[in-house]
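Visitor:
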Amino acid sequence: VQLQASGGGLVQAGGSLRLSCATSGSTFGFNAIGWYRQAPGKQRELVATVSSGGSTKNADSVKGRFTISRDSAKNTVYLQMNSLKPEDTAVYYCNARSVVLGVPYDFWGQGTLVTVSS
């Protein structure tokens, strides 16, 4: 399984970015796929995920600002980030999870840096 994340960069507060995560196979092959982030000195945290059934989950800190979506034809998941804040600065990682016989298996992309300046 290969996950290729892209779209990070430097943006001013209030701006927008769109992250992309291209998978080596169908996104429907995973129980869930989405984004996590890790800021300097902090633990990695969930940002947003979408299940194979289409259900989405968003961290409280990004609700109303970030939207996760999926393009099945392109095997790609997107994270549209609007109204960015300096506290959104982090390395964003694409994650895909498969659950086999109750055991979760996580696959990670290489991460893309998002820097929000004040």
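For the sequence shown, this note's numbering assigns the number 351 to the initial residue and increments by one for each residue that follows.
Backbone N, C-alpha and C fix where the C-beta goes; we use that ideal spot for every residue, glycine too.
Taking DSSP as the reference, what is the three-state secondary structure of V412?
Guide: Three-state DSSP puts V412 in a helix.
Visitor: Taking 7 angstroms as the limit between beta carbons, can you name the residues of its chain near Y386, skipping five residues before and five after?
Guide: If we look at Y386 and ignore the five residues flanking it on each side, its Cβ neighbours are R394, E395, L396, V397, Y443, N445.
Visitor: Contact check, V470 vs V427 under 8 angstroms by CB: the rounded distance?
Guide: For the chain, the structure presents residues 351 to 468; residue 470 sits outside this window and is missing.
Visitor: Note down the Cα distance separating S467 from V351, rounded to an integer number of angstroms.
Guide: Each residue's Cα considered, the two are about 34 angstroms apart.
Visitor: For P454, I'd like the list of residues in its chain whose CB is within less than 7 angstroms of its CB, leaving aside the five on either flank, ordered along the chain.
Guide: Cβ neighbours of P454 beyond the five flanking positions: R447.
Visitor: Using C-beta distances below 6 angstroms, list every residue in its chain close to T465, excluding the 5 sequence neighbours before and after it, in chain order.
Guide: Within the same chain, T465 has close Cβ partners L360, T439.
Visitor: Only counting the same chain, and skipping five residues up and downstream in sequence, which positions put a Cβ closer than 6 angstroms to that of S419?
Guide: If we look at S419 and ignore the five residues flanking it on each side, its Cβ neighbours are Y428.
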